[in-house]
Amino acid sequence: MSSVLVIEDDPDMRGLLVLMLEDQGHIVRSAANGRAGLEAIHQERPDVILLDMKMPVMDGWEFARRYRGECRDPSPIVVMTAAEDPRKPAEEIGAAGWLAKPVELDVLFDTVKHAAARASAVPA
Amino acid sequence: MDPGPATALATAVEGLLVVDRAGRCTYANPAAEKILGRPAAELAAAPMSALKAYGVDGAPMPVDDLPTLRVIRTGERSARAEHRVERPDGSTAVVCHTATLIRDPDGTVEGAVASLLDITDLQCSTKEDSRTDLTFRAFVERSADGVALHRDDKLVYANPALRRMLGYETLEELVGRSIIELVHPDDRAVVTERIRVLRDENREVPVLTERLLHRDGHVVEVEVSSRPIGFEGEATILAMVVDVSERKRMLRELDHSVSMLRATLESTADGILVVDTAGRITTYNERFAEMWRIPPSVMRSRDDAHAIEFVLDQLVEPVEFVTRMRALYADPAAESFDRFALTDGRCYERHSLPQRIDGKTVGRVWSFRDVTDRRTAEEESARLMHELAEKHELLKTVVDQAPVGIALLRGPELVYELVNPTFEAILGARPRIGKRAADVIPQAAEVVPVLEHVIATGESHHSVDVAVPSTVLREGKMEEAYLWKTFLRVPGPGGDAALLALIVDLTEQVLARRRIEELATVAQRQASELESIHSSMLDGVVVCDARGIITHLNDASGRLSGLDKGALIGRSLEEHAALVDRHRLDGAPMRAADLAIGRALAGETVSNTATWSIRSGRKVYLRCSGAPIRDAAGRIAGAVAVERDVTDIVELDAMRDQFIRVAAHELKTPVAIMKGYADMILRSSDELPASLRGGAQAIERGAKRIDRLVNDLLGVSQLLMGRLELRRDRVELRGLVDSALRQVAATTSNHCIRVGGDAVVVSADPIRLAQVLDTLLDNAIRYSPNGGDIDVSVTAREGEAIVCVRDRGVGIPQQKQERIFERFYRAHTDTPFDYGGMGVGLYIAREVIQQHGGRMWFTSEEGHGSEFCFALPLQP
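Quick note, the sequences are listed as chains A and B, same order. Going by my numbering, the first sequence opens with residue 5, and the numbers climb by one from there. Going by my numbering, the second sequence opens with residue 1366, and the numbers climb by one from there.
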């Protein structure tokens, strides 16, 4: 099982994701925006980051830019977006994967699992 | 020759003869006539060899020894001899005969000049004087020639003639003077030598021409013959001195005249040849040789027969030429003129005249002139004459066939002389020729005075019937005709003034013009109506002609382009395209052929193409339609385009698109939450009460439906705005179908979905293709509410990947099938099978497939189900 950081501004969505991922046995922390996400990472490095793009205070793009600027060995990010073409923001920030809202649960689990496996496969 | 030398020759004491190369005398002065006892004409008739000559001692002398004939024969410069010559009356004269050769500039011998000095008395006296000095002296004192006696070089005697020659009064002035002093310095050496010979060798010396000095210093040219004699018992030299200054001067004059003559001969444009009676060429000029291309060597040979060969080779008709030539040579006095052609196209004129010297024919002068140019000019004028004759014929034809009525009336009676057929056609055929106008013309009272005025004054009369027709009499009937009439005074055939009447029947044209004017009024009214309609239209209207020149624009069109209407009219389509600067929606600038009007001119009917351009810094959207304008024969005579400003609509669309995208985005998260929790509930426990499970399933279906609606909205919006972006990935269709089936399978329990086919790879956007499959599968399930089989097949055939989805559902009514792909069209609205939805699923699906370069189609039967298929190009 992996540690997952969920960065999502909508509390219901955030709650749902935490619930679902914990149900799958992951260790899940969450943050309401990019800035809170960075602080959470400073405390402990997650295996996978699940990132919403449109957020107040600090959006997904800014978060990704800063995180990569600070960290030489960033954790894989999975973009979670309501955009018409979810591949676009994922490519823009160089994410390891993407999820289109509304998320199919099976797809969510598979994507997180793949991203975590990729993270552990790459030597730190 | 000027009169000076002529007079001198006539009065000279010396006899002078000019002899030609053949030894014939061509000139004799009076002194010569006297010495020889024959008139000049008689001398000229006979050769010099006919002279009866004897030595001084009376022995017969061969004629070849005569100095004149000798120099001609031998080419010596001069010769001298004393001999006796017998006159016709039997008397004889002793002459001192000096001959000087004449050569022409190229060195050819032309003849000789003979000087004869009668020394009969001197000869006689010398013998007698040997007996008595007194008698000798008396003779010498009378002599016309100078006589000198000198010993060594000292003069002992000079007779009065010599003294006059040298300008001395008395003998004393000369006696004792050195003879050398009297000689020109340049000749002194020669004279000294002669004196030495005379003294030492005691023999006669040849005649010497030398220069003496006159007392006043001028030079006297003399011929001196000297001989040693015994005088007063001492060795003395007798010198006979003949003044030849005048003769020399005359020879020079002669030379000058000859050279003048020769220069004239050479400078003439005519080729000249002179042939003597013996057939020898005596004179020719370079022009002659050049005209006939005769080599100089041939000319120098002086052989006329040889030269003629060159001439004959170049003639078109040599036989005739030779015949004429022979006839002329046979008749020495004949003159002739003829013309003949050369084989190279040139044409020469030939004149031939006898050459006469003092009335006697001595040869023949031929002169040739190149008249090729003149002949060409003559031929040209002959041709012109011929043409003129033809033109006269032509004129007659023109008059007969002219579409203008032509009549010629001889004044002042105005009698018809000529009438052409058109005249009769216009004014009616009846006998006119030879009749007076007053007797023929129906309205003579009005017309004749006009004609008379023209004849009398020469003022032309022109009139055209415009409003009121003339009355004409045709076949006995009075008719009305609109005529154009011109009356001109012209010189008549006999010198009388004549009147030329020109009549054109304009009746047809006048009537036609009236009709046109009426039509034009109608057309003008219609045009102004149309114009006012155009002007008040909100849509822009542009019209061009068949060449693509803008001929009409209404005010709205100018406004739409932001340009002055006047600046666009008259432009070509290319210029128009550049000025209006239109762009396609993708930004590409539009050329003339892309514009609605350009496409319309090419024959296409264009409706509602969208363009934009920048006007006053703002992007303006236009929708344009166009159609060709065809003439009665169906040919394209122009094109018309109508443009509408749809900027407001487009901006509204953009706002709507923006709104939809924001709304969709905002909807997605709550839908995700609903769907997520519903899923979670359904997964959390198998022991969920049935009502709760049904509720959670309903929530999930609702969320799914909202998600599909949101996706449809976004899809339609993207298509409308032209924003649909496709990615190209390598997509395995069978896998994609399986994945889509997994999503929809959960939503139904009463359908049996089967998939057939193998892996097929295409180049496509997997997300968009998944949406297409989702739409087709969802429709298949939805419109087969009673369940049944759903067959999905994936096949590759003829370069295409084909996917078909077949259901056994309600099918689509026949009459609705053709609209099934229309946007917002819902075939089952207000039927028991209305399952909701926006009616855009198939529209988007087909657009997506078409943008992949594929196609979509279907077959359906009401009550039996439908089959929807799409084909995509196989990945190569």
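All C-beta atoms, glycine included, are put in the ideal place defined by N, C-alpha and C.
(request) Determine the direct distance from the alpha carbon of Ala1846/B to that of Pro1796/B, and round the result to whole angstroms. (result) Roughly 21 Å separates the two Cα atoms.
(request) Measuring only between beta-carbons, confirm whether Tyr2190/B sits less than 9 Å from chain A. (result) False, the Cβ-Cβ gap to chain A never drops below 9 Å.
(request) Flag Lys105/A as yes if its beta-carbon sits less than 9 Å from any beta-carbon of chain B, otherwise no. (result) By this cut-off, Lys105/A is an interface position.
(request) Give the straight-line distance between the Cα atoms of Thr1688/B and Gln1720/B, rounded to the nearest whole angstrom. (result) Their Cα atoms are separated by approximately 20 Å.
(request) Please go through the region 1513-1541 of chain B and give each complete alpha helix (DSSP H) segment of 4 or more residues, from N-terminal end onward. (result) Runs found: 1525-1531.
(message) What does the alpha-carbon distance come out to for the pair Lys1930/B and Val1945/B?
(response) Rounded to the nearest angstrom, the two C-alpha atoms are 11 Å apart.
(request) At 7 Å on the CB atoms, spell out the chain D contacts of Thr2034/B, in chain order. (result) The structure shown has no chain D; the protein chains it does contain are A and B.
(request) Mind listing the chain B neighbours of Leu109/A? Cutoff is C-beta to C-beta under 8 Å, in chain order. (result) The contacting residues are Gly2041, Asp2044, Met2045 and Arg2048.
(message) Measuring only the C-alpha atoms, how far is Ser1495/B from Val1663/B?
(response) The predicted position of Ser1495/B is uncertain, since its pLDDT is 44 and thus under 50; a value taken from the coordinates is nonetheless stated next. So the two alpha carbons sit approximately 60 Å from each other.
(message) Helix, strand or coil, according to DSSP, for Phe2235/B in the structure here?
(response) Residue state, collapsed to three classes: strand.
(message) So within the region 1683-1726 of chain B, which uninterrupted beta strand (DSSP E) runs reach at least 3 residues, ignoring any that extend past its ends?
(response) Qualifying beta strand (DSSP E) stretches, in chain order: 1701-1706 and 1712-1722.
(message) For a test of the three-state rule: what should DSSP assign to Arg1389/B, helix, strand or coil?
(response) Of the three classes helix, strand and coil, the one that applies to Arg1389/B here is strand, per DSSP.
(message) Nearest by alpha-carbon distance to Gly1511/B: which of Leu1603/B, Glu2065/B and Gly1799/B is it?
(response) When each option's Cα is compared against that of Gly1511/B, the closest is Leu1603/B.
(message) If we define contact as Cβ-Cβ less than 9 Å, is Ser6/A a contact residue for chain B?
(response) It does not; no Cβ of chain B falls within 9 Å.
(request) Kindly indicate if chain A contains any beta-carbon less than 9 Å away from that of Ile2038/B. (result) Yes, because at least one Cβ of chain A sits closer than 9 Å to the Cβ of Ile2038/B.
(message) Can you tell me which residues form a DSSP beta bridge with Thr2268/B?
(response) With chain B covering 1366 to 2241 only, the question about residue 2268/B has no answer from this structure.
(request) Answer with yes or no whether the minimum CB distance from Glu2097/B to chain A is below 9 Å. (result) No, Glu2097/B lies away from the interface with chain A (no Cβ there is under 9 Å from its Cβ).
(request) Return the chain-ordered ranges of every beta strand (DSSP E) run that is complete within the region 60-104 of chain A and spans a minimum of 3 residues. (result) Runs of the beta strand (DSSP E) inside the region 60-104 of chain A: 81-85 and 101-104.
(request) Can you tell me which of the three DSSP states Ile2177/B falls into? (result) Coil at Ile2177/B, not helix or strand.
(request) Using a Cβ-Cβ cut-off of 9 Å, state whether Leu2079/B counts as contacting chain A. (result) Among the CB atoms of chain A, one or more fall inside 9 Å of the CB of Leu2079/B.
(request) Compute the Euclidean distance between the alpha carbons of Thr1660/B and Leu1707/B, then round it to the nearest angstrom. (result) What sits at residue 1660/B in the sequence shown is Pro, not Thr. If you take the alpha carbons of Pro1660/B and Leu1707/B, they lie about 18 Å apart.
(request) Quick one: list the residues of chain A neighbouring Ala2068/B, beta-carbon separation under 9 Å, in chain order. (result) Within 9 Å Cβ-Cβ: Pro106.
(request) Have a look at Phe1653/B and Gly1380/B and give me their C-alpha separation to the nearest angstrom. (result) So the alpha carbons of these two residues sit roughly 37 Å apart.
(message) Which residues in chain B have a C-beta closer than 8 Å to the C-beta of Asp63/A? List them in chain order.
(response) The premise fails here: Asp63/A is roughly 13 Å from chain B at the closest Cβ pair, so nothing lies under 8 Å.
(request) Output yes if chain B places a C-beta closer than 9 Å to the C-beta of Met24/A; else output no. (result) It does; some Cβ of chain B falls within 9 Å.
(message) In the DSSP output, what is Phe2223/B paired with across the bridge?
(response) Beta-bridge annotation (DSSP): Phe2223/B is paired with Phe2233/B.
(request) Over the uninterrupted beta strand (DSSP E) stretch that includes His1827/B, give me the two end residues. (result) First-last of the beta strand (DSSP E) with His1827/B: His1826 to Val1829.
(message) Counting only C-beta atoms, is Lys58/A closer than 9 Å to chain B at any point?
(response) Closer than 9 Å: yes.
(message) With a threshold of 9 Å between beta-carbons, can Asp114/A be considered close to chain B, or not?
(response) No, its Cβ sits nowhere closer than 9 Å to a Cβ of chain B.
(message) Against chain A, does Ile2209/B count as a neighbour if the rule is that its beta carbon must be under 9 Å from one of theirs?
(response) No, Ile2209/B does not count as interfacial toward chain A.
(request) Locate the beta strand (DSSP E) running through Ser2114/B, then write down its first and last residues. (result) Element bounds for Ser2114/B: n/a, residue is neither H nor E.
(request) Give the C-beta separation of Arg1559/B and Ser1591/B to the nearest angstrom, bearing in mind that I take them to be a contact with Cβ-Cβ under 8 Å. (result) Yes, they are in contact, since the Cβ atoms of Arg1559/B and Ser1591/B sit about 6 Å apart, within 8 Å.
(request) Output the boundary residues of the beta strand (DSSP E) element that contains Leu1928/B. (result) Leu1928/B -> no beta strand (DSSP E), and no H or E assigned at all.
(message) Given this structure, state the Cα-to-Cα distance separating Gly2164/B from Val2170/B, to the nearest angstrom.
(response) Between Gly2164/B and Val2170/B, the C-alpha separation is close to 20 Å.
(request) Can you check DSSP and say which residues form a bridge with His1448/B? (result) Under DSSP, His1448/B forms a beta bridge with Val1460/B.
(request) Take Asp1635/B as the anchor and find which of Glu1651/B, Leu1626/B, Ser1622/B and Asp1620/B has the nearest alpha-carbon. (result) Distances from the alpha-carbon of Asp1635/B to those of Glu1651/B, Leu1626/B, Ser1622/B and Asp1620/B put Glu1651/B closest.
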